[in-house]
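Data first, discussion second: the structure below is written as structure tokens.
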Amino acid sequence: MTAPAAVLSWSSGKDCAHALHVCRREGIADVRALLTTVNEEAGRVAMHGTRRALLDAQAAALGLPLIAVSLPWPCSNAEYESRMARATADIAARGLTHIVFGDLFLEDIRAYREEKLAGSGLTPLFPLFGTPADTPRLAQEMMASGLRARIVTCNPEKLDPAFAGRTWDRALLDDLPAGVDPCGENGEFHTVVTDSPEFAAPIPHARGETVMRDGFAYADVLLSDI
Numbered sequence: 021m022t023a024p025a026a027v028l029s030w031s032s033g034k035d036c037a038h039a040l041h042v043c044r045r046e047g048i049a050d051v052r053a054l055l056t057t058v059n060e061e062a063g064r065v066a067m068h069g070t071r072r073a074l075l076d077a078q079a080a081a082l083g084l085p086l087i088a089v090s091l092p093w094p095c096s097n098a099e100y101e102s103r104m105a106r107a108t109a110d111i112a113a114r115g116l117t118h119i120v121f122g123d124l125f126l127e128d129i130r131a132y133r134e135e136k137l138a139g140s141g142l143t144p145l146f147p148l149f150g151t152p153a154d155t156p157r158l159a160q161e162m163m164a165s166g167l168r169a170r171i172v173t174c175n176p177e178k179l180d181p182a183f184a185g186r187t188w189d190r191a192l193l194d195d196l197p198a199g200v201d202p203c204g205e206n207g208e209f210h211t212v213v214t215d216s217p218e219f220a221a222p223i224p225h226a227r228g229e230t231v232m233r234d235g236f237a238y239a240d241v242l243l244s245d246i
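For any residue, its number in our numbering is found by taking its place in the sequence shown, counting from 1, and adding 20.
So this is what it looks like as structure tokens:
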């Protein structure tokens with residue numbers, strides 16, 4: 021059976037990168053483009069804070085076109101939904117039929133996506149979706165596949181900002197406090213992917229400064245020539 025033509029919801033982080041790997045490995049979807057949201061004022065990926073230059077480097081490493089939806093800051097939920105509705109309509113008009121998400125176990129987020137996509141012409145796919153008990157195994161699976169990432173955002177109410185900027189690896193998992201999901205699915209942290217089994221080559225990068233902004237700790241990650 022031919023895999024359906026799809027776009028991948030791309031946050032720049034580890035979960036969407038692994039979702040792409042699983043889709044290709046298991047023939048779930050033929051991902052032909054990446055869809056992301058960018059804060060038009062800062063020029064960074066919404067929530068993750070990934071610089072546009074690094075985002076473009078990820079798309080180039082994957083060999084996929086990037087569909088970037090610009091969002092104002094601050095952005096109301098109504099404005100977000102309006103801009104995303106226009107983007108998904110355009111994607112469906114291109115002949116793509118599915119959209120892949122890297123969500124892991126949050127039922128309310130999945131239900132929200134399904135509701136908003138109803139009638140859009142795009143069918144949502146959740147190749148990683150399971151239960152909270154699965155995330156320790158999933159984290160190990162991601163790392164074993166060759167995926168490499170850094171923590172770029174921490175919610176200080178859930179995780180010490182000192183974790184911002186650290187490599188997401190087995191040593192970090194061992195250091196996480198009890199109750200913190202190893203994949204950060206409860207909003208404890210977000211990551212940026214610097215290598216994956218789907219990248220043509222790792223992205224050379226350097227760790228920048230960590231700043232507190234809008235109640236979150238953001239660790240900058242910069243493209244590097246080294």
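Glycine included, every Cβ here is placed at the ideal spot set by N, Cα and C. A quick note: this is a predicted structure, and the numbers were derived from the prediction, not measured.
Review point. Smallest Cα separation from Glu60: which of Arg103, Thr151, Pro156?
Key: Considering only alpha carbons, the answer is Arg103.
Exercise for review: Measure the CB-CB distance between Phe121 and Gly150 and report whether it falls below 8 angstroms.
Suggested key: Their beta carbons are not under 8 angstroms apart, which means Phe121 does not touch Gly150 by this criterion.
**Study point:** Under 8 angstroms between C-beta atoms of Arg227 and Ala237
**Key:** Contact: no.
**Study point:** Element boundaries [beta strand (DSSP E), containing Cys43]
**Key:** Element bounds for Cys43: not the beta strand (DSSP E) but the alpha helix (DSSP H), 34-46.
Review point. Closest by CA to His41, which one among Thr230, Glu218, Leu243?
Key: Of Thr230, Glu218, Leu243, the residue nearest in Cα terms is Glu218.
Review point. If you draw a straight line from the C-alpha of Asp128 to the C-alpha of Glu134, how long is it?
Key: Taking the straight line from one Cα to the other gives about 10 angstroms.
Practice item. With DSSP as the reference, please indicate the residues paired to Arg71 in a beta bridge. Key: In the DSSP secondary-structure assignment, Arg71 is bridged to Arg64.
Practice item. Using three-state DSSP, classify Ser90 as helix, strand or coil. Key: In the three-state DSSP reduction, Ser90 falls in the strand class (E or B).
Check your understanding: Across which residues does DSSP place Asp50 in a beta bridge pair?
Key -> Answer is Ala25.
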